[in-house]
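Peer 1: Following UniProt numbering, the numbering of the sequence shown begins with 1 at its first residue and continues without gaps. Below you will find the structure I want to go over with you.
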Amino acid sequence: MHPNGKRESQRQLSITTGTTSSHTKLVVKRKKNAGKTKIRRTTLATRSTSSAGLPCFHNRRIHAHPSPVPSINTEKEGEDDDNMGDDEEIPSEVLVAVHSIIQADHGLAIPLSHHLTIQAVMEHQIYSTFDDNNATNIHRDLLELVHTNKLRQLYCQDKSSFAYVLTNDFCRAVWDAVSARKAQQHGIDEELVAWFLSNLHLWTGRNVPQSAMEIQWESYCTECKKDSLKKKSSEEAKPSFHEVLHLLLDLNLLIRDTQQSTLNSYQENHFFLWLPQWAIALKAWNDARKQLLGVLARGKETSTMNLLRENRHTLISTQFLLQDLIHKGKATIIQRPFGSFVQLVKDAER
């Protein structure tokens, strides 16, 4: 299918089911002071996942906690511009889009304990929210959001795409996994997990070199020794970096990037950020995708409305599954006078 056809099908699906782009509006106000133009963005998508009832692990302390997702200005339009600072930060449209997709439950659900979830957003979902000519800006903004520690990348099963989660949600999922593991076995050193999370802002590439982690661990151990000398207190011996790495791999917070490791002449190991719950989400996604393809294969075309209604209680959002099939050229949206319909393209099930 032609890329523009995919994009058009995604837009049609968004129009049919109510997409996130309608949640954001731009209000431009001009201020006569020094001829500057003030731009204020207001949005309905300002609630973070914590406000939706998801737990915050306040009893977990980490050093240099990742920066929270910035709140978005929701001031009323009639307020005086004099109350706004000259250097007011304009929130990222990409971050607003990610929040909107999450709040609409159109992301990929990652299960936590106590029947709670966080959501991952696929790259193509973010791109389909904007016009085609904004691809360069979206790519730049995504990189910036990762570098400023607001988003984390998660490796996907097809080895060609990545998902994004809010950094705060990633940290909550890590502590959730650690708590679940501690209920089964003792001896997990939470200090090592806290150190790992405190350094997320340094590991902003698509994978993490082992040498980069080792340097940070040695630096951390050195600082701990200095603090002990200043306080004239005894410092317990820290585990070796290989013990730290073994723990992170055992907790499924990292997985090896086997392809990248073999490409390097000196065989340095590289790792993807991971979550044990992420493996569960990927399996559920694969199973739900096969089920949806089976439903679509039974008829020439299927009503979009009926499809969403019949599958609305599944763990994986049908909206998410349809967007994924359209993005991969497996399905398309056909507009009829009496509604929209989903149709498999030729050889979709191969």
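Yeah, the Cβ is synthetic: ideal placement off N, Cα and C, and Gly gets one too. Predicted model, so just to flag it, every value in this text is computed and none were measured.
1. What did DSSP end up calling His106 once you bin it into helix, strand or coil?
2. Which residue wins for smallest C-alpha separation from Arg152, given the options Val98, Ile188, Ser128, Leu116?
3. What are the start and end residues of the beta strand (DSSP E) that includes Gln119?
4. Can Ile334 and Trp285 be called in contact, C-beta distance under 7 Å?
5. Touch check for the stretch 220 to 238 and the stretch 163 to 183: three-plus C-beta pairs under 8 Å?
6. Apart from the five residues just before and just after Leu296, which ones in its own chain have a Cβ nearer than 7 Å to its Cβ?
7. Secondary structure at Ser161, three-state DSSP: helix, strand or coil?
8. For my contact list, Gln119 and Ala109 are in at a C-beta cut-off of 8 Å; report their separation, rounded to the angstrom.
9. Which residues mark the beginning and the end of the alpha helix (DSSP H) in which residue 351 is found?
10. Let me check understanding here. Comparing Cα to Cα, which of Leu307, Ala163, Trp195, Asn252 lies closest to residue 357?
11. Can you list the alpha helix (DSSP H) stretches of 4 or more residues lying completely in the stretch 232 to 319, in chain order?
12. Please list, in chain order, all residues of the same chain as Glu123 whose beta carbon is under 8 Å from its beta carbon, the five residues on each side excluded.
13. Please report how far the alpha carbon of His270 lies from the alpha carbon of Gly294, in whole angstroms.
14. Excluding the 5 residues flanking Lys238 on each side, which residues of the same chain have their C-beta closer than 6 Å to its C-beta?
15. Tell me, please, whether the CB atom of Ser340 is closer than 7 Å to any CB atom in chain C?
16. Helix, strand or coil for Arg336? Go by DSSP, reduced to three states.
17. Do Asn149 and His201 have their beta-carbon atoms positioned less than 7 Å apart in this structure?
18. With 16 as the cutoff for other CB atoms within 10 Å, does Arg30 come out buried or exposed?
19. Figure out for me which residue from Arg309, Ser219, Asn306, Pro111 has the closest Cα to the Cα of Asn199.
Peer 2: Looking at the atomic coordinates:
1. Residue mapping note: residue 106 aligns to position 106 of the sequence shown, counting from 1. Of the three classes helix, strand and coil, the one that applies to His106 here is coil, per DSSP.
2. By 1-based counting over the sequence shown, the position of residue 152 is 152. Comparing Cα positions, the closest option is Val98.
3. To locate residue 119, count along the sequence shown from 1; it is residue 119. 117 to 122 is the span of the beta strand (DSSP E), which, as asked, contains Gln119.
4. On the sequence shown, residue 334 is found 334 positions in, with the first residue counted as 1. On the sequence shown, residue 285 is found 285 positions in, with the first residue counted as 1. Not in contact: Ile334 and Trp285 (Cβ atoms no closer than 7 Å).
5. no
6. Within the sequence shown, numbered from 1, the residue matching residue 296 stands at position 296. Within the same chain, Leu296 has close Cβ partners Thr302, Ala331, Val342, Leu344.
7. What you label residue 161 is simply residue 161 of the sequence shown in a count that begins at 1. Coil.
8. To locate residue 119, count along the sequence shown from 1; it is residue 119. To locate residue 109, count along the sequence shown from 1; it is residue 109. With 8 Å as the limit, Gln119 and Ala109 qualify as a contact, their Cβ atoms being about 6 Å apart.
9. Since the first residue shown for the chain is 1 and the last is 350, residue 351 is missing from the structure and cannot be characterised.
10. For residue 357 there is no data in the structure shown, the boundaries of the chain being 1 and 350.
11. 241 to 250, 258 to 263, 276 to 297, 304 to 310
12. Here the question's residue 123 lines up with position 123 in the sequence shown. The answer, listed in chain order, is Leu142, Ser161, Phe162, Ala163, Tyr164.
13. Within the sequence shown, numbered from 1, the residue matching residue 270 stands at position 270. Within the sequence shown, numbered from 1, the residue matching residue 294 stands at position 294. Going from the Cα of His270 to the Cα of Gly294 covers about 38 Å.
14. By one-based count along the sequence shown, residue 238 stands at place 238. The answer, listed in chain order, is Cys221.
15. Considering every chain present, this structure includes no chain C. It has just one protein chain.
16. To locate residue 336, count along the sequence shown from 1; it is residue 336. Reduced to three states, the DSSP call for Arg336 is strand.
17. Counting from one through the sequence shown, the residue named residue 201 turns up at place 201. Counting from one through the sequence shown, the residue named residue 149 turns up at place 149. Yes; because the gap between Cβ atoms is below 7 Å, this pair is in contact.
18. As a first step, residue 30 must be located in the sequence shown, where it is residue number 30. Note on Arg30: pLDDT 33, under 50, position unreliable in the model; no value is reported.
19. What you label residue 199 is simply residue 199 of the sequence shown in a count that begins at 1. Taking only the C-alpha atoms, the option nearest Asn199 is Ser219.
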